[in-house]
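Some notes on the structure that comes next.
Residue numbers (the numbering used here), protein chains in the order written: chain B, 2 to 326; chain R, 95 to 419.
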């Protein structure tokens with residue numbers, strides 16, 4: 002099976018007054034049709050910029066300086082804006098973190114849905130409205146006809162995110178990039194939205210890149226997970242493998258810091274130190290200053306190891322036998 | 095909505111009352127019209143007769159009470175100079191001023207909005223910088239000087255446009271209008287542009303700032319991510335949000351346009367209220383001054399009300415009465 006999206010050595014930089022910030026520094030991954038890839042990392046790791054870079058949505062002073070993004074074999078990097086526009090929302094849709102900020106406050110929900118239909122399909126307004134109505138019904142919004150005439154502020158946070166999901170699925174895209182779509186919601190709504198998303202993606206055979214800092218969400222949702230640190234993917238593999246047997250010291254620290262039931266009464270583990278400034282990345286492995294296992298050799302560029310099929314780790318440490326076996 | 099209107103009308107009535115007291119007392123403090131109106135050669139008896147006929151022999155409070163009584167009958171007193179109803183005099187001149195003020199507002203939007211949008215979309219381009227430089231010039235040049243230069247260039251050197259008066263007028267609904275005839279329109283252009291210049295600069299700056307904010311906002315990024323055409327992103331998603339502050343400021347500025355019209359009307363010999371009030375002040379024609387100020391206050395109050403209502407139409411989040419479904 003060919004991947005729906007194939008990213009190779011993607012580099013996005015922000016030219017700031019203080020220097021060049023390498024927000025995405027050579028990222029590579031594949032997304033298979035209908036699969037969910039979890040892209041995890043802490044704030045500033047470049048996971049969101051990676052998501053935006055995929056569809057050319059990086060605002061100045063940021064720009065993609067290298068690499069390749071192929072969607073169904075077609076190169077997207079360097080594609081003219083008019084062709085990217087035709088792709089956005091149609092083939093690759095996005096869901097943002099806070100729908101309070103992303104839905105336009107002065108336009109009716111119906112308007113914002115209908116315009117999305119009309120931007121890509123030459124249908125009548127009535128038909129577009131009908132499709133919008135059906136899409137709202139699908140994500141579990143009651144009396145969708147009335148809700149089309151409501152404004153975003155008349156919806157609750159969870160409802161707004163359902164609207165965003167409905168908009169994302171309007172054109173049955175082959176890929177949805179979801180940038181922390183549940184972060185702004187409370188936990189019960191979070192799980193509802195997650196299962197909604199999961200069901201729809203499965204139904205429509207839509208691949209999803211789920212960007213999150215929350216490992217527990219990704220563990221229940223993703224097929225594969227990629228852990229980002231300082232603009233790079235440091236570990237990548239099937240979600241069950243990565244979460245149970247992380248190889249990279251950063252991934253190990255990240256997973257150890259998730260509170261679990263068996264840790265009751267114990268201090269939470271944490272990774273010492275702070276993520277490095279993207280303006281002044283240390284030579285070699287960017288995690289080296291915080292790594293408990295750092296050695297002199299870490300000052301050189303860390304090698305990429307592939308200990309098992311579908312697994313990747315960017316570290317000099319020898320891969321433990323149990324994984325290789 | 096009804097209770098909102100009732101509340102606002104009550105407030106307006108109070109403002110009018112307070113203003114009438116202020117104006118009355120203020121006008122008393124400026125000087126005695128008797129010194130200006132009556133020739134120094136007049137005999138003491140003549141003098142006494144005139145003072146009594148104008149009611150100037152009575153106390154301030156007596157004069158105010160009889161003024162208020164008159165107002166309820168629609169009578170603001172007779173002009174000392176013209177010997178006719180002061181309010182009639184003003185209402186007779188008002189259409190000319192309104193015509194000038196409205197033309198100036200329309201010009202400021204027609205010219206300022208597109209230029210401001212361009213400057214906001216291309217802030218670092220030569221065009222964007224030129225527009226901003228131009229708006230600074232528009233801000234800093236005094237109205238009277240610009241008016242003189244306009245007359246010098248377009249009326250004296252080039253001879254394209256007339257420099258004084260309203261030109262040929264057409265009577266519609268009992269009121270004379272200049273903008274309905276070609277000659278009247280030619281007479282209107284220079285004074286309207288002169289009056290608009292400051293507002294054009296204001297609109298440019300407001301629009302540019304709003305545009306830059308809007309273009310950096312999440313809802314615009316989301317609109318792009320949905321694959322909307324750039325035209326729709328700017329003209330609908332960004333513009334509709336910019337209009338909210340713009341309408342507020344322009345609405346409130348409308349009052350000041352009428353006030354500024356005094357200078358422009360004087361320079362272009364435009365027979366409006368501005369010219370009338372300047373003449374009335376110089377001869378201390380109290381009834382005309384009081385009536386003029388009351389009309390202006392009434393206009394400000396009305397404009398504010400209209401702005402509030404328009405605002406609520408543009409921004410669904412502040413629908414008056416707070417009725418949200």
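Here a beta-carbon is modelled for each residue, glycine too, at the ideal position from N, C-alpha and C.
This one's a predicted model, so the numbers in the text were calculated from it and none came from an experiment.
- Task: Express the C-alpha separation of residue 75 of chain B and residue 324 of chain B in angstroms, rounding to a whole number.
- Result: Here residue 324 of chain B refers to the residue found at position 323 when the first chain is read from its first residue. Here residue 75 of chain B refers to the residue found at position 74 when the first chain is read from its first residue. Legend: pLDDT at residue 324 of chain B = 47, less than 50; position of this residue unreliable, value from coordinates given subsequently. When rounded, the distance between both Cα atoms is 35 Å.
- Message: By DSSP's criteria, residue 294 of chain R is part of a beta bridge. Which residues make up the other side?
- Response: Reading the second chain from its first residue, position 200 is the one you call residue 294 of chain R. Note: residue 294 of chain R sits in no beta bridge, so no partner.
- Between residue 238 of chain R and residue 356 of chain R, is the Cβ-Cβ spacing less than 7 Å? Residue numbering aside, residue 238 of chain R sits at position 144 when the second chain is read from its first letter. Residue numbering aside, residue 356 of chain R sits at position 262 when the second chain is read from its first letter. Cβ atoms of residue 238 of chain R and residue 356 of chain R: not closer than 7 Å.
- Just mark residue 258 of chain B as buried or exposed, buried being the case when its beta carbon has 16 or more other beta carbons within 10 Å. Here residue 258 of chain B corresponds to residue number 257 of the first chain, with the count starting at 1. Exposed.
- Item | Nearest candidate by alpha-carbon position, reference residue 129 of chain B, set B:21, B:61, B:111 and B:142 | Numbered from its first residue, the first chain carries residue 129 of chain B at position 128. Checked all of B:21, B:61, B:111 and B:142; the closest Cα to residue 129 of chain B is B:111.
- Shortest alpha-carbon distance to residue 316 of chain B belongs to which of B:285, B:310 and B:6? Counting from one through the first chain, the residue named residue 316 of chain B turns up at place 315. Measuring from the Cα of residue 316 of chain B, the nearest candidate turns out to be B:285.
- Item | Cut-off 8 Å between Cβ atoms - residues of its own chain near residue 127 of chain R, not counting five sequence neighbours on either side | One-based indexing of the second chain puts residue 127 of chain R at position 33. Hits under 8 Å: 148, 150, 174, 377, 378, 379 and 380.
- Please state if the CB of residue 34 of chain B and the CB of residue 227 of chain B are separated by a distance shorter than 7 Å. By one-based count along the first chain, residue 227 of chain B stands at place 226. By one-based count along the first chain, residue 34 of chain B stands at place 33. Not in contact: residue 227 of chain B and residue 34 of chain B (Cβ atoms no closer than 7 Å).
- residue 143 of chain B and residue 115 of chain B: beta carbons closer than 7 Å? Taking the first residue of the first chain as position 1, residue 143 of chain B is located at position 142. Taking the first residue of the first chain as position 1, residue 115 of chain B is located at position 114. Not a contact, by the Cβ cut-off of 7 Å.
- Query: For residue 210 of chain B, which residues does DSSP report across the bridge?
  - Reply: By one-based count along the first chain, residue 210 of chain B stands at place 209. DSSP output for residue 210 of chain B lists B:38 and B:178 as bridge partner(s).
- Determine the direct distance from the alpha carbon of residue 103 of chain B to that of residue 95 of chain B, and round the result to whole angstroms. Mapped onto the first chain, residue 95 of chain B falls at position 94. Mapped onto the first chain, residue 103 of chain B falls at position 102. Each residue's Cα considered, the two are about 11 Å apart.
- Item | Short CB-CB distance (under 7 Å) between residue 405 of chain R and chain B | Residue 405 of chain R sits at position 311 when you count from the first residue of the second chain. No, residue 405 of chain R lies away from the interface with chain B (no Cβ there is under 7 Å from its Cβ).
- Query: Got a sec, what are the start and stop residues for the beta strand (DSSP E) residue 72 of chain B sits in?
  - Reply: Within the first chain, numbered from 1, the residue matching residue 72 of chain B stands at position 71. Looking at the DSSP string, the run of the beta strand (DSSP E) that includes residue 72 of chain B is 63-72.
- Message: Strictly under 7 Å for the Cβ-Cβ distance: is residue 193 of chain B near chain R by that measure?
- Response: Walking along the first chain from the start, residue 193 of chain B turns up at place 192. It does not: the Cβ of residue 193 of chain B has no partner Cβ on chain R nearer than 7 Å.
- Contacting residues, own chain, Cβ-Cβ under 8 Å from residue 212 of chain R (five flanking each side not counted): By 1-based counting over the second chain, the position of residue 212 of chain R is 118. If we look at residue 212 of chain R and ignore the five residues flanking it on each side, its Cβ neighbours are 221, 222 and 225.
- Task: Could you pull the start and end residues of the beta strand (DSSP E) that residue 22 of chain B belongs to?
- Result: Within the first chain, the letter at position 21 stands for residue 22 of chain B. Note, residue 22 of chain B: beta strand (DSSP E), 20-32.
- Whole angstroms is fine: what's the gap from residue 295 of chain B's alpha carbon to residue 6 of chain B's? Looking up residue 295 of chain B in the first chain gives position 294. Looking up residue 6 of chain B in the first chain gives position 5. Each residue's Cα considered, the two are about 34 Å apart.
- Task: Taking residue 103 of chain B as the query, report the chain R residues whose CB atoms sit under 7 Å from its CB, ordered along the chain.
- Result: In the first chain, the residue the question calls residue 103 of chain B occupies position 102. Result: 312, 313 and 316.
- Hey, residue 408 of chain R and residue 337 of chain R are a contact pair by Cβ (cut 8 Å); roughly how many whole angstroms apart? Taking the first residue of the second chain as 1, we reach residue 408 of chain R at position 314. Taking the first residue of the second chain as 1, we reach residue 337 of chain R at position 243. 6 Å between Cβ atoms; contact.
- Count the other CB atoms, across all protein chains shown, that sit within 10 Å of the CB of residue 251 of chain R; report buried if there are 16 or more and exposed otherwise. Taking the second chain and counting its residues from 1, one reaches residue 251 of chain R at position 157. Residue 251 of chain R comes out exposed.
- Item | Delimiting residues of the alpha helix (DSSP H) encompassing residue 54 of chain B | Counting from one through the first chain, the residue named residue 54 of chain B turns up at place 53. Counting along the chain, the alpha helix (DSSP H) containing residue 54 of chain B begins and ends at 48-55.
- Every unbroken beta strand (DSSP E) inside the segment 226-292 of chain B [3 residues or more]: 233-239
- Message: Let's see if you can read the secondary structure: which residues bound the alpha helix (DSSP H) around residue 165 of chain R?
- Response: Here residue 165 of chain R refers to the residue found at position 71 of the second chain. That run of the alpha helix (DSSP H) goes 154-166.
- Task: Measuring only between beta-carbons, confirm whether residue 416 of chain R sits less than 7 Å from chain B.
- Result: The sequence position of residue 416 of chain R within the second chain is 322, counting from 1. For residue 416 of chain R, the pLDDT reaches just 46, beneath the cut-off of 50, and the residue's location in the model is therefore unreliable, leaving the point undetermined.
- Query: DSSP state of residue 266 of chain R, grouped into three classes?
  - Reply: One-based indexing of the second chain puts residue 266 of chain R at position 172. Residue 266 of chain R: strand per DSSP, three-state reduction.
- Proximity test, Cβ basis, 7 Å: residue 331 of chain R and chain B: Translated into positions along the second chain, residue 331 of chain R becomes position 237. Taking Cβ atoms only, chain B reaches closer than 7 Å to residue 331 of chain R, which makes this a yes.
- Span of the beta strand (DSSP E) holding residue 94 of chain B? Here residue 94 of chain B is taken as the residue at index 93 of the first chain, counted from 1. 93-96 is the span of the beta strand (DSSP E), which, as asked, contains residue 94 of chain B.
- Query: Under the three-state reduction of DSSP, which class applies to residue 138 of chain R: helix, strand or coil?
  - Reply: For the purposes of this step, residue 138 of chain R is identified with residue 44 of the second chain, where counting begins at 1. Looking at residue 138 of chain R - three-state DSSP - the assignment turns out to be helix.
- Message: With three or more beta-carbon pairs closer than 8 Å as the criterion, would you say the segment 219-237 of chain B touches the segment 36-50 of chain B?
- Response: yes
- Item | Within-7 Å CB hit, residue 58 of chain B to chain R | In the first chain, residue 58 of chain B corresponds to position 57, counting from 1. Yes, residue 58 of chain B lies at the interface with chain R (some Cβ there is under 7 Å from its Cβ).
- Message: If you reduce the DSSP assignment to three classes, tell me which class residue 117 of chain B lands in.
- Response: Taking the first residue of the first chain as position 1, residue 117 of chain B is located at position 116. If DSSP states are grouped into helix, strand and coil, residue 117 of chain B belongs with the helices.
- Query: If we ignore side chains and look at the alpha-carbon of each, how far apart do residue 402 of chain R and residue 296 of chain R end up?
  - Reply: Indexing the second chain from 1 puts residue 402 of chain R at position 308. Indexing the second chain from 1 puts residue 296 of chain R at position 202. Near 20 Å, if we compare the C-alpha coordinates of residue 296 of chain R and residue 402 of chain R.
- Starting from residue 12 of chain B, trace the alpha helix (DSSP H) both ways and give me its first and last residue. Translated into positions along the first chain, residue 12 of chain B becomes position 11. Taken as a continuous stretch (DSSP letters only), residue 12 of chain B belongs to no alpha helix (DSSP H), being part of the beta strand (DSSP E) at 6-17.
- Message: As a quick exercise: from B:98, B:219, B:290 and B:312, pick the residue whose alpha carbon is nearest that of residue 186 of chain B.
- Response: Taking the first chain and counting its residues from 1, one reaches residue 186 of chain B at position 185. Out of B:98, B:219, B:290 and B:312, B:98 has the C-alpha closest to the C-alpha of residue 186 of chain B.
- Item | Residue-level contact to chain B via CB, residue 322 of chain R, 7 Å cutoff | One-based indexing of the second chain puts residue 322 of chain R at position 228. Cβ-Cβ to chain B under 7 Å: yes for residue 322 of chain R.
- Euclidean distance between Cα positions of residue 289 of chain R and residue 145 of chain R: To locate residue 289 of chain R, count along the second chain from 1; it is residue 195. To locate residue 145 of chain R, count along the second chain from 1; it is residue 51. Computed Cα separation, rounded: 40 Å.
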